[in-house]
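First comes the structure, then the notes that go with it.
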Amino acid sequence: MSSRLVEGSEVVADAMVRAGCRFFAGYPMTPFTEVLEHMASALPEVGGVCINAESELEAVGMVWGAAAAGTRAATGSTGQGLSLMQESIAEASLAGIGFVVLNMARGQGDYFQATRGGGHGDYRTPVLAPWGPAEVGDLVADAFDLADEWRNPVVVIGDYYLAHTWVDLDMSSEVATPRPSPAWALDGSSGGTGAAKLVSPLGTTKQRDGVGYDLAAHYAGCAERREQMTAGIAPRAELTHTDDAEVVLVAYGTMARYADAVVTALRAEGERVGLVRPITLWPFPEDIVAGAAEGSNVVAVYENNAGQMIDDVRISVGKSVPIVGLNGFQTDSSAFGIAPDVTVENLTASVRELLAGAKA
Amino acid sequence: MEREILFTGIGGQGIQLAARTLAEAAIADGRRVQLFASYGGMMRGGNSDSFLVIGDTEVTAPPVLGSAWASVVMHHEHAGDVWPKLRPDGIAAINDSVVEPTCRPAASVALLEVSALDIATELGAPVAASLVLIGALVAATEVVAADALLDSAARVLPSYRSEAAVVNRKALEAGLAAAQLTHPAWETSNA
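Residue numbers (our numbering), protein chains in the order written: chain A, 1 to 360; chain B, 1001 to 1191.
Listed below in structure tokens is the structure:
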């Protein structure tokens, strides 16, 4: 084992290169900037291309093009930059073009943006949420596989903490050979043959000569593909001490690190506290959350926003168990989503109150 | 077992380099680490903090710590946030060339006051003061082996800063010479 000190941003970039990503475009914005820097350094070494685009609009457009030509490709930003990309993400989904979109978010205010999307049309994007650098490699690889399998953009959501946390990791494993270009990808070889390939949000064939695209048929096809994707992706979550828990915490990403520390400490005191950590935010692990909530006295959703994932927890659990939100934290003046009140001590105090209420 | 070390100072004092140097040394010692860096938008003068955890096994702690064993305080500006987090049996390494005399932790915390900036200035490299201070912390605690610390001086530098490795190593050596073992970080296995 050859471990070295490595920053979360570099782990993300390294994972993309290992997964066969050979085109990356983005525009700098904290805390995404370091990912872009690492990609600019790493991709040319493996024959790939990284472009610092003029803006996020161009970045996602370039990635759309690279992916349509069959290359594993990715872009990213913070939530602010991803707001600018929503039109293209939606159109790519309707066009059946898969790529990976990183959201190195500021806090967790982009949960709705990631899981609902801000673009137009009837689309969905799978969302994976690592809780630390050590989990990034596997989830980034999964994201590219999902993007390929479902020909759909896939979001990997992190935050400032993930980007700027350094750990010792073994970075010596082999870089995979990129997978072959899929048969549907545009390669310029079929032009003029009468059977040219077409990849477009309006459809892949001009079904009705003289009229143009048959959007009704295309959108029906998109809806069918979305339904298959929804059913075909297994929702994932990690359970910690939920079997007999009186208080069940639900938290994802960095916030789950705090929740996990609190659960470990309170369990050592004999308190019945558990944690559900959603790893796929879409599809949301509804059954896993509902199962963990069953038999508990209260479900508490701990998130660094004003309360977003709590909606999915409500959908999952219904009204059988009370659900409370532990959220609404003030962030510091950096605007990077660092919340001084997000501490093990504060969460411990909140959970103790819930435990006291549960016993009352 | 884990040892948590909070670093605080202002941009330009080398906080991030010092934290990374100590983290690299801990890895060389065979330990696991987690280091979270937090700094404002300003290159100089803004807050610069680091949260380092050194453990015997994989570190799963949250990135920001509410409780710590040690602190490395290069400047008083943001030290007020650090003192309440230090455990009563902890140790505070303080750059007393700069940190105001009134800026000190609770009485139970061991003090390691080192004129780090003066020592680094004598070496001709005032920017290496933070390395003097972690050298002293290592001497006082053996939280990492002295050799591992010295060897990490060159490894943490990017190629375009490699010429600083020699003076940085001297700063670490000066720090190591500035304190005695008083506060062992780890329980010795043959105790």
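Heads up, the beta-carbon is just placed ideally off N, CA and C, and yes, glycines get one too.
Distance, residue j Cα to residue i Cα
i          : j          : result
Met-1001/B : Gly-1055/B : 6 Å
Val-1114/B : Lys-1085/B : 21 Å
Gly-1046/B : Phe-23/A   : 36 Å
Val-1166/B : Val-1132/B : 13 Å
Glu-246/A  : Val-101/A  : 37 Å
Pro-1062/B : Thr-254/A  : 7 Å
Arg-1161/B : Pro-1126/B : 16 Å
Asn-1095/B : Thr-264/A  : 36 Å
Ala-220/A  : Phe-144/A  : 25 Å
Asp-332/A  : Pro-340/A  : 7 Å
Glu-345/A  : Gly-203/A  : 54 Å
Ala-1191/B : Pro-1184/B : At Ala-1191/B the pLDDT is 40, less than 50, meaning the model places this residue with poor confidence; the figure from the coordinates comes in the next sentence. Their backbone Cα atoms lie some 12 Å apart in a straight line.
Ala-223/A  : Trp-64/A   : 21 Å
Gly-76/A   : Gln-86/A   : 12 Å
Ala-15/A   : Ala-73/A   : 13 Å
C-beta neighbour in chain B for residue i, strict 7 Å
i         : result
Val-344/A : yes
Asp-168/A : yes
His-164/A : yes
Glu-5/A   : The question names Glu, yet the displayed sequence has Leu at residue 5/A. It does; some Cβ of chain B falls within 7 Å.
Ser-77/A  : no
Ser-334/A : yes
Ala-361/A : This structure leaves residue 361/A out entirely; chain A is present only between 1 and 360.
Tyr-213/A : no
Tyr-219/A : no
Tyr-123/A : no
Tyr-161/A : yes
Arg-18/A  : no
Any chain A beta carbon closer than 7 Å to residue i
i          : result
Gln-1016/B : no
Leu-1181/B : no
Gly-1080/B : no
Ile-1086/B : Residue identity check: residue 1086/B is Leu in the sequence provided, not Ile. False, the Cβ-Cβ gap to chain A never drops below 7 Å.
Thr-1008/B : no
Asn-1190/B : With a pLDDT of 46 at Asn-1190/B, under the threshold of 50, the modelled position of this residue cannot be trusted, and the question is left open.
Thr-1032/B : Residue identity differs from the one stated: residue 1032/B is Arg in this sequence, not Thr. It does: the Cβ of Arg-1032/B has a partner Cβ on chain A nearer than 7 Å.
Glu-1024/B : yes
Ile-1054/B : no
Ile-1005/B : no
Ile-1134/B : no
Ile-1027/B : yes
Contacts around residue i, its chain only, beta-carbon distance under 7 Å, and the 5 residues preceding and following it disregarded
i          : result
Arg-277/A  : Trp-131, Ala-237, Glu-238, Ala-251, Tyr-252, Ala-256
Val-1144/B : Leu-1022, Ala-1025, Ala-1026, Asp-1029, Val-1138
Thr-1188/B : none
Ala-1153/B : Thr-1021, Ala-1165, Asn-1168, Arg-1169, Leu-1172
Asn-305/A  : Gly-107, Gln-108, Gly-109, Tyr-111, Asn-327
Val-1064/B : Phe-1036, Phe-1051
Close-in-space but distant-in-sequence residues of the same chain around residue i (CB under 6 Å, 5 per side omitted)
i          : result
Leu-347/A  : Tyr-258, Val-262
Ile-89/A   : Gly-119, Pro-153
Ile-1005/B : Leu-1052, Ala-1070
Ser-190/A  : Ala-196, Lys-197
Val-1109/B : Leu-1086, Gly-1090, Ala-1092
Ala-1148/B : Ala-1025, Ala-1028, Asp-1029
Leu-82/A   : Asn-103
Gly-8/A    : Pro-133, Leu-162, Ala-163, Thr-165
Leu-266/A  : Val-273
Ala-68/A   : Ile-97, Leu-186, Val-199
Chain B contact residues for residue i, given Cβ-Cβ distances below 8 Å
i         : result
Arg-257/A : Thr-1060, Ala-1061, Pro-1062, Pro-1063
Thr-254/A : Pro-1062, Pro-1063
Close beta carbons around residue i, own chain, < 8 Å, minus the five adjacent residues each side
i          : result
Val-1099/B : Val-1073, Met-1074, His-1075, His-1076, Ala-1079
Ile-233/A  : Pro-126, Leu-146, Trp-150, Thr-280, Pro-283
Ala-335/A  : Arg-106
Val-1033/B : Ala-1023, Ala-1026, Ile-1027, Leu-1052, Val-1053, Ile-1054, Gly-1055, Val-1059
Gln-330/A  : Ala-339, Pro-340, Asp-341
Ala-1136/B : Ala-1093, Leu-1112, Val-1114, Ala-1116, Gly-1175, Leu-1176, Ala-1178, Ala-1179
Per-residue contacts from residue i into chain B (C-beta, under 9 Å)
i         : result
Ile-338/A : Ser-1038, Val-1064
Partner residues on chain A for residue i, Cβ-Cβ distance less than 8 Å
i          : result
Leu-1035/B : Leu-5, Thr-165, Trp-166, Val-167
Arg-1169/B : The contacting residues do not exist; Arg-1169/B stays about 18 Å from chain A at best.
Arg-1020/B : Leu-5, Trp-166
- Which full runs of the beta strand (DSSP E) of 3+ residues lie inside the segment 1068-1133 of chain B, going along the chain? 1068-1073, 1086-1095, 1110-1114
- Item | Whole alpha helix (DSSP H) elements within the segment 81-125 of chain A, 4-residue minimum | 111-116
- Task: Only counting runs of 3 or more residues, tell me where the beta strand (DSSP E) segments fall wholly within the segment 117-196 of chain A, in order along the chain.
- Result: 154-159, 165-170
- What are the start and end residues of each continuous alpha helix (DSSP H) run of 4 or more residues lying completely inside the segment 6-61 of chain A, in chain order? 8-18, 33-42
- Entirely enclosed alpha helix (DSSP H) segments - the segment 210-278 of chain A, minimum 4 residues: 215-232, 253-268
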